[in-house]
Amino acid sequence: MEIPFYKYTVELPEHSNVSDVLDGEQIDQVSMLEEEFAKYLDVDHAVAASSGTAALHLAMLALDLKRGDKIVCSVNTHPSVPEVVRHFDAEPVFIDIDEENFHIDIEKLEQYLQTNTTKKLKAVVITLLGGVNIDLAHLYETVQKYNVKLIIDAVEALGSSYNGKKVAIDYADITCFDFSPHLKENLCSGGMLVSDDEEIIQRARLLSNHAIKKDENALAYIYDVVDVGNDYKMGQMSAAYFRAGIGRIDKNIQRQQEIATIYNEELTGIAHVEIPKIEDKDFSYNLYMIKIDKNRDSFALDLKKEGIDTGLHYIPLHLLSYYKTKYELRVNAFPNALRYYQQILSLPIYPSMSDDEVYYVCETIKKIAKTKV
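Under this note's numbering, the first residue of the sequence shown carries the number 37, and numbering increases by one thereafter.
Right under this line is the structure:
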(Lines of atoms letter the chains of each structure in order from A and count residues from 1; the text may use other names and numbers.)
(Lines give C-alpha, C1' and ligand atoms only; values in the text may rest on other atoms or scores of the structure.)
Protein backbone atom coordinates (compact mmCIF):
# COMPACT_ATOMS: atom_id res chain seq x y z
CA MET A 1 0.00 0.00 0.00
CA GLU A 2 1.30 3.47 -0.92
CA ILE A 3 0.33 6.30 1.43
CA PRO A 4 1.62 9.80 0.62
CA PHE A 5 2.19 12.32 3.37
CA TYR A 6 -0.62 14.40 1.90
CA LYS A 7 -3.12 14.08 -0.94
CA TYR A 8 -5.32 16.93 -2.11
CA THR A 9 -8.96 16.37 -3.02
CA VAL A 10 -10.67 17.86 -6.07
CA GLU A 11 -14.46 17.68 -6.08
CA LEU A 12 -17.21 18.96 -8.38
CA PRO A 13 -17.30 22.51 -6.94
CA GLU A 14 -13.59 22.98 -7.77
CA HIS A 15 -14.20 21.83 -11.35
CA SER A 16 -17.21 24.14 -11.66
CA ASN A 17 -15.51 27.24 -10.24
CA VAL A 18 -12.35 26.78 -12.29
CA SER A 19 -14.44 26.18 -15.42
CA ASP A 20 -16.18 29.50 -14.85
CA VAL A 21 -12.79 31.24 -14.96
CA LEU A 22 -11.65 29.31 -18.03
CA ASP A 23 -14.93 30.11 -19.77
CA GLY A 24 -14.26 33.80 -19.29
CA GLU A 25 -17.00 34.63 -16.79
CA GLN A 26 -16.31 38.10 -15.43
CA ILE A 27 -16.42 37.24 -11.73
CA ASP A 28 -13.83 38.70 -9.36
CA GLN A 29 -12.99 35.38 -7.71
CA VAL A 30 -10.35 36.94 -5.46
CA SER A 31 -12.75 39.47 -3.93
CA MET A 32 -15.35 36.75 -3.51
CA LEU A 33 -12.81 34.53 -1.75
CA GLU A 34 -11.80 37.37 0.57
CA GLU A 35 -15.44 38.01 1.50
CA GLU A 36 -16.28 34.34 2.02
CA PHE A 37 -13.12 33.65 4.01
CA ALA A 38 -13.75 36.68 6.24
CA LYS A 39 -17.29 35.45 6.82
CA TYR A 40 -15.99 31.97 7.68
CA LEU A 41 -13.65 33.45 10.29
CA ASP A 42 -16.21 36.05 11.45
CA VAL A 43 -13.85 38.96 10.76
CA ASP A 44 -14.36 42.18 8.84
CA HIS A 45 -11.39 42.05 6.49
CA ALA A 46 -9.24 39.51 4.66
CA VAL A 47 -6.55 40.23 2.07
CA ALA A 48 -5.66 37.45 -0.37
CA ALA A 49 -2.04 36.73 -1.32
CA SER A 50 -0.28 34.37 -3.68
CA SER A 51 0.88 32.13 -0.80
CA GLY A 52 1.12 31.99 2.98
CA THR A 53 4.70 33.19 2.74
CA ALA A 54 3.58 36.12 0.59
CA ALA A 55 0.94 36.94 3.22
CA LEU A 56 3.61 36.91 5.93
CA HIS A 57 5.91 39.09 3.83
CA LEU A 58 3.00 41.46 3.21
CA ALA A 59 2.36 41.60 6.96
CA MET A 60 5.94 42.78 7.53
CA LEU A 61 5.51 45.37 4.79
CA ALA A 62 2.25 46.57 6.35
CA LEU A 63 4.05 46.97 9.69
CA ASP A 64 6.67 49.10 7.90
CA LEU A 65 9.52 46.80 8.91
CA LYS A 66 12.90 48.41 8.30
CA ARG A 67 16.59 47.61 8.35
CA GLY A 68 17.79 46.77 11.85
CA ASP A 69 14.30 46.10 13.24
CA LYS A 70 13.74 42.87 15.16
CA ILE A 71 11.10 40.16 14.90
CA VAL A 72 10.93 37.41 17.54
CA CYS A 73 9.94 33.87 16.59
CA SER A 74 10.28 30.29 17.76
CA VAL A 75 13.49 28.56 16.72
CA ASN A 76 11.20 25.70 15.65
CA THR A 77 9.40 27.16 12.67
CA HIS A 78 9.49 26.99 8.89
CA PRO A 79 12.34 28.97 7.27
CA SER A 80 9.76 31.24 5.64
CA VAL A 81 9.35 33.16 8.91
CA PRO A 82 12.93 34.43 9.38
CA GLU A 83 13.30 34.56 5.59
CA VAL A 84 10.70 37.31 5.17
CA VAL A 85 12.34 39.20 8.04
CA ARG A 86 15.76 39.06 6.38
CA HIS A 87 14.30 40.38 3.12
CA PHE A 88 13.92 43.71 4.95
CA ASP A 89 17.48 43.44 6.32
CA ALA A 90 15.82 43.13 9.72
CA GLU A 91 16.89 40.62 12.36
CA PRO A 92 15.01 37.49 13.49
CA VAL A 93 15.40 36.65 17.17
CA PHE A 94 14.99 32.98 18.06
CA ILE A 95 13.39 31.67 21.27
CA ASP A 96 13.47 28.05 22.44
CA ILE A 97 10.30 25.96 22.61
CA ASP A 98 8.20 24.69 25.49
CA GLU A 99 8.80 20.94 25.80
CA GLU A 100 5.16 20.33 26.64
CA ASN A 101 3.56 21.82 23.52
CA PHE A 102 6.47 22.40 21.09
CA HIS A 103 5.45 26.04 20.58
CA ILE A 104 7.44 29.08 21.63
CA ASP A 105 8.23 29.09 25.36
CA ILE A 106 6.18 32.02 26.68
CA GLU A 107 8.28 32.33 29.84
CA LYS A 108 11.52 32.57 27.85
CA LEU A 109 9.81 34.99 25.47
CA GLU A 110 8.83 37.29 28.32
CA GLN A 111 12.35 37.15 29.73
CA TYR A 112 13.60 38.39 26.38
CA LEU A 113 10.94 41.12 26.12
CA GLN A 114 11.73 42.34 29.64
CA THR A 115 15.39 42.86 28.82
CA ASN A 116 14.97 44.17 25.27
CA THR A 117 12.71 47.21 25.28
CA THR A 118 14.18 48.85 22.17
CA LYS A 119 11.78 50.46 19.71
CA LYS A 120 13.46 48.32 17.05
CA LEU A 121 11.51 45.32 18.37
CA LYS A 122 8.40 45.29 16.17
CA ALA A 123 6.58 41.97 16.54
CA VAL A 124 6.45 38.40 17.76
CA VAL A 125 5.50 35.66 15.29
CA ILE A 126 3.89 32.54 16.77
CA THR A 127 3.74 29.51 14.48
CA LEU A 128 0.88 27.11 15.22
CA LEU A 129 1.76 23.45 14.69
CA GLY A 130 -1.30 21.70 13.31
CA GLY A 131 -3.73 23.49 15.62
CA VAL A 132 -3.78 25.51 18.83
CA ASN A 133 -1.85 23.81 21.62
CA ILE A 134 -0.71 26.97 23.36
CA ASP A 135 -2.41 29.54 25.60
CA LEU A 136 -2.96 32.24 22.98
CA ALA A 137 -4.73 34.55 25.42
CA HIS A 138 -1.76 34.50 27.80
CA LEU A 139 0.67 34.91 24.92
CA TYR A 140 -1.20 37.91 23.49
CA GLU A 141 -1.48 39.53 26.91
CA THR A 142 2.25 39.03 27.44
CA VAL A 143 3.19 40.58 24.10
CA GLN A 144 0.82 43.54 24.53
CA LYS A 145 2.48 44.43 27.85
CA TYR A 146 5.60 45.36 25.90
CA ASN A 147 3.82 47.27 23.13
CA VAL A 148 4.79 44.71 20.50
CA LYS A 149 2.56 43.32 17.74
CA LEU A 150 1.63 39.62 17.65
CA ILE A 151 1.45 37.85 14.30
CA ILE A 152 0.01 34.34 14.15
CA ASP A 153 1.53 32.14 11.48
CA ALA A 154 -1.45 29.84 10.94
CA VAL A 155 -0.07 28.20 7.81
CA GLU A 156 -0.50 24.79 9.46
CA ALA A 157 -3.68 25.70 11.35
CA LEU A 158 -6.35 26.68 8.82
CA GLY A 159 -9.77 26.29 10.43
CA SER A 160 -8.41 25.73 13.94
CA SER A 161 -10.35 26.97 16.96
CA TYR A 162 -9.40 28.49 20.30
CA ASN A 163 -11.85 29.20 23.14
CA GLY A 164 -14.72 28.24 20.87
CA LYS A 165 -13.85 30.63 18.04
CA LYS A 166 -11.91 30.28 14.81
CA VAL A 167 -8.30 31.38 15.09
CA ALA A 168 -8.18 34.82 13.52
CA ILE A 169 -7.68 38.15 15.31
CA ASP A 170 -9.14 37.74 18.80
CA TYR A 171 -5.64 37.10 20.15
CA ALA A 172 -3.42 38.62 17.46
CA ASP A 173 -2.85 41.80 15.50
CA ILE A 174 -2.35 39.92 12.23
CA THR A 175 -2.93 36.29 11.28
CA CYS A 176 -1.61 34.70 8.09
CA PHE A 177 -3.01 31.54 6.50
CA ASP A 178 -2.01 29.26 3.64
CA PHE A 179 -4.34 27.10 1.57
CA SER A 180 -1.37 24.87 0.67
CA PRO A 181 0.62 24.29 3.89
CA HIS A 182 4.32 23.38 3.97
CA LEU A 183 5.04 19.81 2.78
CA LYS A 184 1.44 19.55 1.50
CA GLU A 185 1.46 20.26 -2.22
CA ASN A 186 -1.85 21.42 -3.67
CA LEU A 187 -3.01 22.13 -7.22
CA CYS A 188 -2.97 25.87 -6.57
CA SER A 189 -1.20 28.12 -4.09
CA GLY A 190 -2.65 30.95 -2.06
CA GLY A 191 -2.62 32.64 1.31
CA MET A 192 -4.64 35.13 3.31
CA LEU A 193 -3.91 37.95 5.76
CA VAL A 194 -6.50 39.04 8.33
CA SER A 195 -6.44 41.88 10.86
CA ASP A 196 -8.88 44.15 12.65
CA ASP A 197 -6.47 47.08 12.37
CA GLU A 198 -7.82 49.28 9.57
CA GLU A 199 -4.44 50.88 8.92
CA ILE A 200 -2.76 47.47 8.52
CA ILE A 201 -5.50 46.26 6.17
CA GLN A 202 -5.38 49.43 4.06
CA ARG A 203 -1.59 49.24 3.76
CA ALA A 204 -1.73 45.52 2.96
CA ARG A 205 -4.27 46.09 0.18
CA LEU A 206 -2.29 48.99 -1.24
CA LEU A 207 1.11 47.31 -1.09
CA SER A 208 -0.12 43.97 -2.41
CA ASN A 209 -0.41 45.50 -5.89
CA HIS A 210 2.75 47.61 -6.27
CA ALA A 211 1.25 50.44 -4.14
CA ILE A 212 -0.79 51.47 -7.16
CA LYS A 213 -3.68 53.88 -6.62
CA LYS A 214 -6.43 54.59 -9.13
CA ASP A 215 -9.23 57.11 -9.24
CA GLU A 216 -12.52 55.27 -9.63
CA ASN A 217 -13.83 58.04 -11.89
CA ALA A 218 -10.76 58.11 -14.14
CA LEU A 219 -9.87 55.95 -17.12
CA ALA A 220 -8.83 52.43 -16.11
CA TYR A 221 -5.27 52.87 -17.36
CA ILE A 222 -4.59 55.98 -15.28
CA TYR A 223 -2.79 55.24 -12.02
CA ASP A 224 -0.33 56.57 -9.47
CA VAL A 225 2.25 54.82 -7.25
CA VAL A 226 2.38 56.11 -3.67
CA ASP A 227 4.79 53.70 -1.93
CA VAL A 228 7.09 50.74 -2.60
CA GLY A 229 5.00 47.58 -2.81
CA ASN A 230 5.24 44.33 -4.71
CA ASP A 231 3.05 41.80 -6.50
CA TYR A 232 1.45 39.61 -3.83
CA LYS A 233 -1.81 39.07 -5.69
CA MET A 234 -3.57 35.72 -5.82
CA GLY A 235 -4.62 34.61 -9.30
CA GLN A 236 -8.26 34.27 -10.29
CA MET A 237 -7.84 30.54 -10.98
CA SER A 238 -6.42 29.88 -7.51
CA ALA A 239 -9.15 31.95 -5.87
CA ALA A 240 -11.85 30.04 -7.74
CA TYR A 241 -10.29 26.75 -6.68
CA PHE A 242 -10.01 27.70 -3.01
CA ARG A 243 -13.49 29.23 -2.87
CA ALA A 244 -14.90 25.78 -3.56
CA GLY A 245 -13.17 24.36 -0.50
CA ILE A 246 -14.14 26.88 2.18
CA GLY A 247 -17.40 25.08 2.90
CA ARG A 248 -15.50 21.85 3.53
CA ILE A 249 -12.88 23.14 5.98
CA ASP A 250 -14.81 22.13 9.11
CA LYS A 251 -15.80 18.79 7.58
CA ASN A 252 -12.15 18.14 6.76
CA ILE A 253 -11.13 18.94 10.31
CA GLN A 254 -13.76 16.54 11.63
CA ARG A 255 -12.30 13.79 9.46
CA GLN A 256 -8.78 14.61 10.67
CA GLN A 257 -10.00 14.35 14.26
CA GLU A 258 -11.44 10.91 13.48
CA ILE A 259 -8.10 9.81 12.04
CA ALA A 260 -6.27 11.21 15.07
CA THR A 261 -8.58 9.21 17.35
CA ILE A 262 -7.58 6.00 15.56
CA TYR A 263 -3.90 6.92 15.80
CA ASN A 264 -4.26 7.71 19.50
CA GLU A 265 -6.04 4.44 20.26
CA GLU A 266 -3.76 2.23 18.16
CA LEU A 267 -0.39 3.78 19.02
CA THR A 268 -0.82 4.30 22.77
CA GLY A 269 1.63 2.12 24.67
CA ILE A 270 3.68 1.11 21.61
CA ALA A 271 7.38 0.78 22.44
CA HIS A 272 9.58 3.66 21.21
CA VAL A 273 6.52 5.71 20.16
CA GLU A 274 4.89 8.61 22.03
CA ILE A 275 1.61 10.08 20.80
CA PRO A 276 0.90 13.84 21.02
CA LYS A 277 -0.36 15.23 24.32
CA ILE A 278 -3.44 17.11 23.15
CA GLU A 279 -6.17 17.79 25.72
CA ASP A 280 -8.35 20.05 23.56
CA LYS A 281 -11.09 17.96 21.93
CA ASP A 282 -11.44 20.65 19.23
CA PHE A 283 -7.79 20.42 18.15
CA SER A 284 -7.82 20.41 14.34
CA TYR A 285 -4.99 17.92 13.76
CA ASN A 286 -3.80 19.55 10.56
CA LEU A 287 -0.64 17.74 11.63
CA TYR A 288 -0.26 14.56 13.67
CA MET A 289 3.18 14.46 15.25
CA ILE A 290 4.56 11.54 17.21
CA LYS A 291 7.88 11.11 19.00
CA ILE A 292 10.29 8.28 18.24
CA ASP A 293 12.56 7.81 21.26
CA LYS A 294 15.71 7.13 19.20
CA ASN A 295 16.87 6.67 15.60
CA ARG A 296 13.95 8.65 14.20
CA ASP A 297 15.38 8.73 10.68
CA SER A 298 15.86 4.97 10.64
CA PHE A 299 12.23 4.57 11.73
CA ALA A 300 11.08 6.93 8.97
CA LEU A 301 13.13 5.05 6.36
CA ASP A 302 11.53 1.78 7.45
CA LEU A 303 8.10 3.39 7.04
CA LYS A 304 9.08 4.62 3.59
CA LYS A 305 10.09 1.09 2.58
CA GLU A 306 6.55 0.04 3.48
CA GLY A 307 5.10 2.79 1.27
CA ILE A 308 4.39 5.37 3.98
CA ASP A 309 5.68 8.93 3.57
CA THR A 310 6.25 11.08 6.65
CA GLY A 311 7.11 14.72 7.38
CA LEU A 312 9.13 16.78 9.85
CA HIS A 313 7.92 20.06 11.39
CA TYR A 314 10.62 21.42 11.56
CA ILE A 315 14.41 21.43 11.46
CA PRO A 316 15.29 24.07 14.10
CA LEU A 317 16.48 27.27 12.47
CA HIS A 318 19.79 27.35 14.35
CA LEU A 319 20.82 24.09 12.65
CA LEU A 320 20.37 25.55 9.15
CA SER A 321 23.58 26.75 7.51
CA TYR A 322 22.55 30.34 6.81
CA TYR A 323 21.29 31.18 10.31
CA LYS A 324 23.91 29.08 12.10
CA THR A 325 26.69 30.93 10.30
CA LYS A 326 25.25 34.45 10.23
CA TYR A 327 24.34 34.54 13.92
CA GLU A 328 27.11 32.19 15.14
CA LEU A 329 24.62 29.88 16.83
CA ARG A 330 25.79 26.83 18.75
CA VAL A 331 24.09 23.47 18.18
CA ASN A 332 23.09 23.31 21.86
CA ALA A 333 21.90 26.93 22.03
CA PHE A 334 18.26 25.80 22.08
CA PRO A 335 18.24 22.47 23.97
CA ASN A 336 14.47 21.90 23.98
CA ALA A 337 14.16 22.38 20.23
CA LEU A 338 17.18 20.17 19.65
CA ARG A 339 15.70 17.27 21.64
CA TYR A 340 12.36 17.76 19.93
CA TYR A 341 13.94 17.75 16.48
CA GLN A 342 15.78 14.50 17.14
CA GLN A 343 12.54 12.65 17.94
CA ILE A 344 9.58 14.22 16.17
CA LEU A 345 7.87 12.69 13.13
CA SER A 346 4.70 13.80 11.33
CA LEU A 347 2.39 11.02 10.12
CA PRO A 348 0.06 11.21 7.10
CA ILE A 349 -3.27 12.80 7.95
CA TYR A 350 -5.68 14.25 5.40
CA PRO A 351 -9.46 14.13 4.80
CA SER A 352 -9.41 11.61 1.94
CA MET A 353 -7.34 9.12 3.94
CA SER A 354 -9.39 5.95 4.47
CA ASP A 355 -9.68 4.01 7.73
CA ASP A 356 -7.89 1.10 6.03
CA GLU A 357 -4.96 3.37 5.22
CA VAL A 358 -4.86 4.72 8.78
CA TYR A 359 -4.86 1.22 10.26
CA TYR A 360 -2.15 0.20 7.79
CA VAL A 361 0.04 3.04 9.08
CA CYS A 362 -0.63 1.94 12.67
CA GLU A 363 0.10 -1.74 12.02
CA THR A 364 3.27 -0.87 10.16
CA ILE A 365 4.47 1.33 13.03
CA LYS A 366 3.79 -1.51 15.47
CA LYS A 367 5.71 -3.94 13.27
CA ILE A 368 8.70 -1.62 12.94
CA ALA A 369 8.69 -0.77 16.65
CA LYS A 370 9.11 -4.46 17.49
CA THR A 371 12.37 -4.55 15.52
CA LYS A 372 13.88 -1.68 17.51
CA VAL A 373 15.90 -2.15 20.67
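Note that the Cβ used here is the ideal one computed from N, Cα and C, for glycine as well.
Gln180 counts as exposed, since fewer than 16 other beta carbons sit within 10 angstroms of its beta carbon. Distance between Asp64 and Gln272, taken at the CA atoms: about 7 angstroms. Distance from His246 to Ala405 at the Cβ level is roughly 54 angstroms; contact not present, criterion being Cβ atoms closer than 8 angstroms.
In terms of Cβ geometry, Asp232 and Asp80 form a close pair [threshold 8 angstroms].
Short of 8 angstroms from the beta carbon of Asp286, and not among the five residues preceding or following it, lie these beta carbons of its own chain, in chain order: Gly195.
A direct Cα-to-Cα measurement between Tyr268 and Lys408 gives close to 48 angstroms. In terms of Cα proximity to Leu229, the closest of Ile298, Ile344, Met270 and Leu175 is Met270. Within a 10 Å sphere around the beta-carbon of Gln292 sit 16 or more other beta-carbons, which makes this residue buried. Counting only runs of at least 4 residues, the region 68-141 fully encloses the following alpha helix (DSSP H) elements, listed from N- to C-terminal order: 88-98 and 116-122. In the structure shown, the three-state DSSP call for Asp338 is helix. Counting along the chain, Gly281 sits inside the alpha helix (DSSP H) bounded by residues Gln272 to Ile282.
It is roughly 8 angstroms from the alpha-carbon of Phe335 to the alpha-carbon of Ile328.
Here the region 100-110 lies against the region 159-168, with 3 or more beta-carbon pairs under 8 angstroms apart. Secondary structure note for Asp316: it is in no alpha helix (DSSP H), with a DSSP letter that is neither H nor E. If you ignore the 5 residues before and after Asp214, its C-beta comes within less than 6 angstroms of the C-beta of Gly88, Val191 and Gly227, all in its own chain and listed in chain order. When DSSP states are grouped into helix, strand and coil, Ile404 belongs to the helix group.
Under the three-state reduction of DSSP output, Cys398 falls in the helix class.
Setting aside the 5 residues that flank it on each side, Leu69 is surrounded in the same chain by Ala84, Ala275, Phe278 and Arg279, each with a C-beta closer than 7 angstroms to its C-beta; the list follows chain order. For Pro371, the number of other beta carbons within 10 angstroms of its own is below 16, and it is reported as exposed. Sixteen is the threshold: since fewer than 16 other Cβ atoms of the shown chains lie within 10 Å of the Cβ of Ser357, the residue is exposed. Boundaries of the alpha helix (DSSP H) around Val179: Leu172 to Lys181.
Sequence-distant partners of Gly167 (beyond 5 residues in either direction) whose C-beta falls short of 7 angstroms from its own C-beta, in its chain, are Ala193, Ser196, Phe319, Ser320, Tyr321 and Asn322.
Below 8 angstroms, enough C-beta pairs join the region 121-139 and the region 92-106 to call them touching: three or more.
Rounded to whole angstroms, the gap between the alpha carbons of Tyr324 and Tyr395 is 15 angstroms.
A residue is called buried once 16 or more other Cβ atoms fall within 10 Å of its Cβ, and Ile205 is buried on that count. Non-local C-beta neighbours of Glu135 in its own chain, meaning closer than 6 angstroms and more than five positions away in sequence, comprise Asn372, ordered along the chain.
In this structure, Leu186 sits near Asp209, with a CB-CB distance shorter than 8 angstroms. Taking 8 angstroms as the cut-off, the Cβ atoms of Ile311 and Tyr299 count as close. Lys43 sits close to Ser388, with the two beta carbons spaced by under 8 angstroms. Within the same chain, Val83, Ala85, Cys212, Phe213, Asp214, Gly227, Met228, Leu229 and Tyr268 come within 8 angstroms of Ala91 by CB-CB distance, once the 5 residues on both sides are set aside. By alpha-carbon distance to Ile142, the top candidate from Tyr182, Thr178 and Gln150 is Thr178.
For secondary structure counted as the alpha helix (DSSP H) over 4 or more consecutive residues, the region 161-245 holds these complete runs in sequence order: 172-181 and 234-243.
Excluding the 5 residues flanking it on each side, Lys156 has same chain C-beta neighbours closer than 7 angstroms at Gly104, Asp105 and Lys106, in chain order. Taking the CA atoms as reference points, Ile236 sits about 26 angstroms from Gly200. A direct Cα-to-Cα measurement between Asp263 and Tyr176 gives close to 31 angstroms.
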